[in-house]
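To start, the structure itself, in structure tokens.
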Amino acid sequence: MKKGCFITTVFFGTILIGILFYIGDKYGDKIVEYFEGRVVDLTTRSSAEVFDKITDGEYKDSLLVLWKDVEAKAKDMEFQEGIDYVSSIVLKIDNYAKDSLLTSDEFRTIKKLIENEGR
Numbered sequence: 000m001k002k003g004c005f006i007t008t009v010f011f012g013t014i015l016i017g018i019l020f021y022i023g024d025k026y027g028d029k030i031v032e033y034f035e036g037r038v039v040d041l042t043t044r045s046s047a048e049v050f051d052k053i054t055d056g057e058y059k060d061s062l063l064v065l066w067k068d069v070e071a072k073a074k075d076m077e078f079q080e081g082i083d084y085v086s087s088i089v090l091k092i093d094n095y096a097k098d099s100l101l102t103s104d105e106f107r108t109i110k111k112l113i114e115n116e117g118r
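Letter by letter, the sequence shown follows residues 0 to 118 in numbering that gives the first Met the number 0.
Right under this line is the structure:
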């Protein structure tokens, strides 16, 4: 490598690192907030897809009401803990909703899982 290429690389590399540190220092909170919002949107979309699989009925309505409580609990938690909590519950509901019919036993089991998962 020529001396001029090396010096140019070091010069522009230093400037680039400085710019990244400046942006991270000045706008880091906004960037993190934006990406947290995107993760929450993706999780909400995946839960909506799971609920769309379930046939309409009284247990689906009850599950949707129960889901509002899950979302409220997740908002009170730390970000990563809330995402893990919601994701695990969505996966469990998805396992019970594979046949698209939610029975009373399955609903009670899901309700117990949600109560136990929140502790």
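In this text, a Cβ means the ideal position worked out from N, Cα and C, and glycines have one as well. Computed from a predicted model, the values in this text were never measured in an experiment.
Where residue i falls: helix, strand or coil (DSSP)
| i | result |
| --- | --- |
| Asp98 | coil |
| Thr42 | helix |
| Ile53 | coil |
| Lys29 | helix |
| Lys1 | coil |
Burial state of residue i (16 or more Cβ within 10 Å)
| i | result |
| --- | --- |
| Gly81 | buried |
| Val9 | exposed |
| Tyr58 | buried |
Opening and closing residue of the alpha helix (DSSP H) in which residue i lies
| i | result |
| --- | --- |
| Glu70 | 57-75 |
Residue i and residue j closer than 9 Å at C-beta
| i | j | result |
| --- | --- | --- |
| Ala96 | Lys52 | yes |
| Ala73 | Val85 | yes |
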